[in-house]
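Colleague:
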Amino acid sequence: MKRSVAILLLLATSLAVPAGAQTPLALENIGQRLDNEDARMIGRGGWGMAVDDSTHPGFKNLASLYAVRKVALNFSAYGDHAVSRDDHGERTTERVFTPDFRVALPVIKGRLAVTAGYVVDRSTQFDTSVDSTWQVWDDEVKGQVQFLRDGSTFRVPLGAAFSPWRGVSLSAALNLQRGTLRESRYDVLRDPASLIGFPLYQTNLLIQEDAYTGTSATFGALLAPVRAVRWGLAYTPAYDLDVDRKLEVGGVALRRNEAFTLSMPAEIRAGMVVALRGRWRLGGDYQYQDFKDFSGNEAWAADMETEHTLSLGLERRRAYERHGGMNNLPLRLGVRMRTWAYRVGGAPVDETTFSAGTGFPFHGDLGQLDVAFSYSQVGDLEKNGMRSHVLRFSISVTGLERWW
Amino acid sequence: MGRIPDRTTRPTARLILAAVGLLWLATVAGCTSDDPSAVGSSLGDLGFDLVLQPLNADQDAGFAALSIEDPDIPVNRQEVLYLGEQGGTSSSILVNFDFTDIFSEDFPESLFTDQNIKSVRLSLTKLKFYGTAVVDSSDTTGNVTSGVTNIYYSVRMLDAPFDTTAFPGPVPPDQGVELVKGPVDVVYGNEPLIPLYKEDFLAWLAEGGTRGFIISAAAGSDPGLVGFASRELDSYNELADVAVGTVVAPNFVVDFDSEDVNFLMPPVADTSTFDAIGPVPENPDDRFVLRTGLRSYPVLRFDFSGLPAHAFINRAVLAVTNDTTASFGNFHSLVISELPVDLYTTPADTLTLAELGDAAYVVTGQTSLDPTFNRDIRFDVTQAVQRMVNQVYEGERALVMTAGEDFAPLYDQGSLDPEFYFSQFDFLGFAAPDSLRPHLEITYSLSDSLVTGGNGGGQ
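Protein chains in written order, with our numbering: chain Y, 1001 to 1404; chain G, 4 to 462.
1) Starting from Phe102 of chain G and walking both ways along the beta strand (DSSP E), at which residues does that stretch end?
2) Rounded to whole angstroms, what's the CA-CA distance from Gly1197 of chain Y to Arg1190 of chain Y? Just pull it up for me.
3) Rounded to the nearest angstrom, what separates Ser1295 of chain Y and Ala1266 of chain Y at their Cα positions?
4) Taking only beta-carbon atoms, is Val54 of chain G less than 8 Å away from chain Y?
5) Mind reading off the beta-carbon distance from Phe423 of chain G to Val83 of chain G? Whole number of angstroms is fine, and I expect it under 8 Å.
6) Just verifying my parser: in three-state terms, what is the DSSP assignment at Leu208 of chain G?
7) Pull up the distance between the alpha-carbon of Leu1112 of chain Y and that of Trp1280 of chain Y, whole angstroms please.
8) Out of curiosity, what's the CA-to-CA distance linking Asp429 of chain G and Gly407 of chain G?
9) Buried or exposed: which applies to Ser1084 of chain Y, given that a residue is buried once 16 or more other Cβ atoms fall within 10 Å of its Cβ?
10) Please check if any C-beta of chain Y sits within less than 8 Å of the C-beta of Ser448 of chain G.
11) Quick check: the region 35-55 of chain G against the region 190-200 of chain G, are there 3 or more CB pairs under 8 Å?
12) State the DSSP-derived secondary structure class of Ala1299 of chain Y, mapped to helix, strand or coil.
13) Note down, in chain order, all residues in the region 1023-1041 of chain Y with a beta-carbon under 7 Å from any beta-carbon belonging to chain G.
14) Alpha carbon to alpha carbon, how far is Arg294 of chain G from Asp109 of chain G?
15) Name the residue from G:Pro282, G:Ser340, G:Val158 and G:Leu346 whose alpha carbon lies nearest to the alpha carbon of Asn254 of chain G.
16) Quick one: list the residues of chain G neighbouring Phe1126 of chain Y, beta-carbon separation under 7 Å, in chain order.
17) Which residue marks the beginning of the beta strand (DSSP E) containing Gln1287 of chain Y, and which one marks its end?
18) Using the beta-carbon of each residue, which ones in chain B are nearer than 7 Å to Glu444 of chain G?
19) To which residues of the same chain is Gln89 of chain G closer than 7 Å at the C-beta, ignoring the five residues directly before and after it?
20) How would you label Gly1048 of chain Y, buried or exposed, when you count the other beta carbons within 10 angstroms and need 16 or more for buried?
21) Given 8 Å as the limit, is there contact between the region 1132-1143 of chain Y and the region 54-62 of chain G, that is, 3 or more CB pairs closer than that?
22) List the residues of chain G whose Cβ lies closer than 7 Å to the Cβ of Gln1177 of chain Y, in chain order.
23) Near Leu127 of chain G, what residues of its chain come up, given a Cβ to Cβ distance below 6 Å and the 5 sequence neighbours on each side ignored?
24) Taking the beta strand (DSSP E) that Met1272 of chain Y falls in, what are its first and last residues?
25) Under a Cβ-count criterion, where at least 16 other Cβ atoms within 10 Å of its own Cβ denotes burial, should His1323 of chain Y be classed as buried or exposed?
26) According to the Cβ coordinates, are Gln233 of chain G and Phe315 of chain G closer than 8 Å?
27) Just the C-alpha distance for Glu1351 of chain Y and Leu413 of chain G, rounded to the nearest angstrom, thanks.
28) By Cβ distance, which residues of its chain are closer than 8 Å to Glu1090 of chain Y, with the 5 residues on each side in sequence left out?
29) Tell me Val1083 of chain Y's beta-bridge partners as DSSP assigns them.
30) Can you tell me whether Ile1030 of chain Y is buried or exposed? The criterion is at least 16 other CB atoms within 10 Å of its CB, across all chains shown.
31) Would you call the CB atoms of Ala67 of chain G and Phe305 of chain G closer than 8 Å?
32) Tell me which same chain residues have a C-beta within less than 8 Å of the C-beta of Arg1317 of chain Y, skipping the five on either side of it?
33) Counting only the same chain and skipping the five closest in sequence on each side, list residues whose C-beta sits under 6 Å from that of Arg1402 of chain Y.
34) Can you tell me which residues form a DSSP beta bridge with Gln1125 of chain Y?
35) Output, in sequence order along the chain, the residues in the region 44-78 of chain G whose CB is closer than 8 Å to any CB in chain Y.
36) Where DSSP assigns a beta bridge to Arg1332 of chain Y, which residues make up the other side?
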């Protein structure tokens, strides 16, 4: 197990480097909500609010963590291959992202656990480059206008889950909200240039950098009224994000610093799992956050929408048949439909994801490696003026360790 | 929740899957993405409100013509002696010779007789630059149409040996008698030998003591300042090839009947007089001047009131027009530096070279500029203007134009300092037509969001 933990940490270290770009639809406003569940949940469409499993804990609903009996570490990462199109053409981008790292520690085994982690909720990462010309003096200046938007909002949840009675579990978490958003515009003025190729006109650089800080709380519950059905619920009340904005132009002494507050609307998550015949079970999650209640950035608020996500999926659970081979592996299928928190091109952005996945237990059932493949269509050429097709491979590692 | 240990999935299958997954992650780690393109460019609202705006700053906001002195190298210690007149500057050459006890084993007193001396001449060594005639490139015949080629040398004895510390200054009185063996005629070449009367020389020998002489360009000489080697000359590369043993400073050359070797008599002191120094305008309306030799450097300040605050300077070019018909001298580097205006108290102040070097912040420069050829001269002063606009300094700053001084090593080519050659760039002043007057062509960009805020924030 120690070896698996070491591998997990190594993975976390080596892959925690965001690179490349995501969909251009994330080039404005609050950014794209990330699928920050583990690969097990992503494989079945993203549902995971109503699960409890002492050997394979889920962190989507912290109330489910009451069941852990060993220290649980979970790390998730994914690689995207996105093809985006708009009126200007098509662009293929790739990136690796590590949206989720979690730990849960049992305090009273099977009843009380505490948890912490690092979860990226939203991300925006894309860059554009447009060939441009400017006329000044007798020169026709040629170059590019380059725009880069890069940032994320993340939280550090510090929480606890407690099961007061059999079939009931409650959780509470304090989320330290943090994040940055950096927008950079370059007017790269390449020509005319000197004989050695040094541009005669210096490049413009305008940088706006926002730093977010805040706290929020999340309360969760997991209910199992009957053996075959589980319900999960989580509620995050509205909270404020303090924003420190710095605006600067390269080469100019003046810096503009502003501070303002973003009011984030409350968020509700609910989920249900129904055990079907044999190893199969059917689950679904719903997420709702009405960003029409958002305030603090007038430009963003004008385009805000109600964000909601519906996740549905089937899972064939693991089996333990001797010589069962591949038939013992879990099998997951799912679909997720999401409406983004803001409009693009005057219309809501719809994102539909189809996914499938499986998993591989570690020796002695001390953890599991889960993988998922998913395909997403984001946006619509007619409605939004652009769309992206995203092929994603997700991987997550869960490790269990008896520390005491 | 207890589980039966799972032994049904082969470890190799898990390893293979993990390897495939990691390979996928590595593949899509961003390095294979297409380069940024216009895709998505309709989104993203961060921008400049004004991009590449032109501003022509051509109004004088405070000009100065600074005289720069180097106390370590007064005129009498300069490596070059100047003769002639150009641009309002005129100079003669003064030399002191000591006739006391000049004899030696090789040249005993017995040699110095009227019968044995064949000739006595005064030798000068012209700098290579002045010995080379300038061919007017517009003259397709290739004839020499300009340049200092003809000098009628005049040599007279001063009333007394000259004071080496008195120059630049008026020409000391002389005895009025022409010492050149007549008729005074043009002497060509890089090493002119001016014939003198041997009787005069023998008389000076007989009397002994130190005597001063003035060498000047007589009427009929081509106009122009011509440089000759002084006794301080170290920069022998500036001379044409000379014979081994040549004394390059002004010296008497005595040719004997009885000897194969000439007697050479170097001076004990020499100097240029610079008895008249060309005017350096303090008012830059008509023209302004950059001069080497006796350094005078112009300081330019422009009116930036047309430039919005907090603009980013994409380019700023200082453009000046050199009047090639009035300028003269050798090739020089021209360097633009920032200079605090409180360094000088009057527009015609005098600074030491060290004071200038300590205060100047070099911005840019150009090398090998020919004062008689390079007409339109432009300097990229973008960084300097940006600093001035940013007000990063306490107090105001101006742009000073200098030659390639030691404090600007990038433009200080070769081993010669600017006092070596006496050259002058005459630039057209602020009253000249638009494109000819000194001006700054400023190109700037402005972000209104930076100045006034309101870029989508919550304020």
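Each residue gets a CB set at the ideal place from its N, CA and C atoms; glycine is no exception. Quantities reported herein were computed from a predicted structural model and do not represent experimental measurements.
Modeller: According to the data block:
1) Stepping through the second sequence from its first residue, residue 102 of chain G is reached at position 99. No beta strand (DSSP E) holds Phe102 of chain G; DSSP gives it neither H nor E.
2) Along the first sequence, read from residue 1 onward, the residue named residue 1197 of chain Y stands at position 197. Along the first sequence, read from residue 1 onward, the residue named residue 1190 of chain Y stands at position 190. Cα to Cα, the separation comes out at about 9 Å.
3) In the first sequence, residue 1295 of chain Y corresponds to position 295, counting from 1. In the first sequence, residue 1266 of chain Y corresponds to position 266, counting from 1. The straight-line gap from Cα to Cα measures roughly 12 Å.
4) For this step, residue 54 of chain G is matched to residue 51 along the second sequence. Cβ-Cβ to chain Y under 8 Å: yes for Val54 of chain G.
5) Stepping through the second sequence from its first residue, residue 423 of chain G is reached at position 420. Stepping through the second sequence from its first residue, residue 83 of chain G is reached at position 80. Right, the Cβ-Cβ distance comes to about 6 Å (below 8 Å), so this counts as a contact.
6) If you number the second sequence from 1, residue 208 of chain G lands on position 205. Of the three classes helix, strand and coil, the one that applies to Leu208 of chain G here is helix, per DSSP.
7) The residue labelled residue 1112 of chain Y in the question sits at position 112 within the first sequence. The residue labelled residue 1280 of chain Y in the question sits at position 280 within the first sequence. C-alpha separation (whole angstroms): 28 Å.
8) Locating residue 429 of chain G in the second sequence gives position 426, counting from the first residue. Locating residue 407 of chain G in the second sequence gives position 404, counting from the first residue. Cα to Cα, Asp429 of chain G sits roughly 17 Å from Gly407 of chain G.
9) Within the first sequence, numbered from 1, the residue matching residue 1084 of chain Y stands at position 84. Buried, since its Cβ has 16 or more Cβ neighbours within 10 Å.
10) Against the second sequence, residue 448 of chain G aligns to sequence position 445. By this cut-off, Ser448 of chain G is an interface position.
11) no
12) In the first sequence, counting from the first residue as 1, residue 1299 of chain Y sits at position 299. When DSSP states are grouped into helix, strand and coil, Ala1299 of chain Y belongs to the helix group.
13) Pro1024, Leu1027 and Glu1028
14) Locating residue 294 of chain G in the second sequence gives position 291, counting from the first residue. Locating residue 109 of chain G in the second sequence gives position 106, counting from the first residue. Cα-Cα distance, rounded: 46 Å.
15) Translated into positions along the second sequence, residue 254 of chain G becomes position 251. Nearest to Asn254 of chain G by alpha-carbon distance, out of G:Pro282, G:Ser340, G:Val158 and G:Leu346, is G:Val158.
16) Here residue 1126 of chain Y refers to the residue found at position 126 of the first sequence. Within chain G, the residues near Phe1126 of chain Y are Gly43.
17) If you number the first sequence from 1, residue 1287 of chain Y lands on position 287. Taken as a continuous stretch (DSSP letters only), the beta strand (DSSP E) holding Gln1287 of chain Y covers Trp1280 to Asp1290.
18) Of the chains in the structure shown, none is chain B; the protein chains are Y and G.
19) Locating residue 89 of chain G in the second sequence gives position 86, where the first residue counts as 1. Here the set comprises Pro226, Gly227, Leu228 and Phe331.
20) Your numbering for residue 1048 of chain Y matches position 48 in the first sequence. Burial call: buried.
21) With a cut-off of 8 Å, the region 54-62 of chain G and the region 1132-1143 of chain Y count as touching, because enough Cβ pairs lie within range.
22) Here the question's residue 1177 of chain Y lines up with position 177 in the first sequence. Chain G residues near Gln1177 of chain Y: none, gap ~16 Å exceeds 7 Å.
23) For this step, residue 127 of chain G is matched to residue 124 along the second sequence. Within the same chain, Leu127 of chain G has close Cβ partners Pro195, Phe231 and Pro253.
24) Residue numbering aside, residue 1272 of chain Y sits at position 272 when the first sequence is read from its first letter. Glu1267 to Ala1275 is the span of the beta strand (DSSP E), which, as asked, contains Met1272 of chain Y.
25) In the first sequence, residue 1323 of chain Y corresponds to position 323, counting from 1. Looking at its Cβ environment, which holds fewer than 16 other Cβ atoms inside 10 Å, His1323 of chain Y is exposed.
26) Position 230 of the second sequence, counting from 1, holds the residue named residue 233 of chain G. Position 312 of the second sequence, counting from 1, holds the residue named residue 315 of chain G. Checking the displayed sequence, the identity of residue 233 of chain G turns out to be Ser instead of Gln. Going by C-beta atoms, Ser233 of chain G is not nearer than 8 Å to Phe315 of chain G.
27) Here the question's residue 1351 of chain Y lines up with position 351 in the first sequence. Here the question's residue 413 of chain G lines up with position 410 in the second sequence. About 60 Å.
28) Counting from one through the first sequence, the residue named residue 1090 of chain Y turns up at place 90. Val1083 and Ser1084.
29) Your numbering for residue 1083 of chain Y matches position 83 in the first sequence. Paired residue(s): Y:Thr1092 and Y:His1389.
30) If you number the first sequence from 1, residue 1030 of chain Y lands on position 30. Buried, since its Cβ has 16 or more Cβ neighbours within 10 Å.
31) Within the second sequence, the letter at position 64 stands for residue 67 of chain G. Within the second sequence, the letter at position 302 stands for residue 305 of chain G. A distance of 8 Å or more separates the beta carbons of Ala67 of chain G and Phe305 of chain G.
32) As a working mapping, residue 1317 of chain Y is identified with position 317 in the first sequence. Here the set comprises Arg1279, Trp1280, Arg1281 and Pro1330.
33) One-based indexing of the first sequence puts residue 1402 of chain Y at position 402. Only residues of its own chain outside the window of five on either side were considered, and among them Lys1070 have a CB closer than 6 Å to the CB of Arg1402 of chain Y, listed in chain order.
34) Residue 1125 of chain Y sits at position 125 when you count from the first residue of the first sequence. DSSP lists Y:Asp1150 as partners of Gln1125 of chain Y.
35) Hits within the stretch, in order: Ser44, Ser45, Leu46, Gly47, Asp48, Leu49, Gly50, Phe51, Val54, Leu55, Gln56 and Pro57.
36) Here residue 1332 of chain Y refers to the residue found at position 332 when the first sequence is read from its first residue. In DSSP, Arg1332 of chain Y forms a bridge with Y:Glu1315 and Y:Gly1357.
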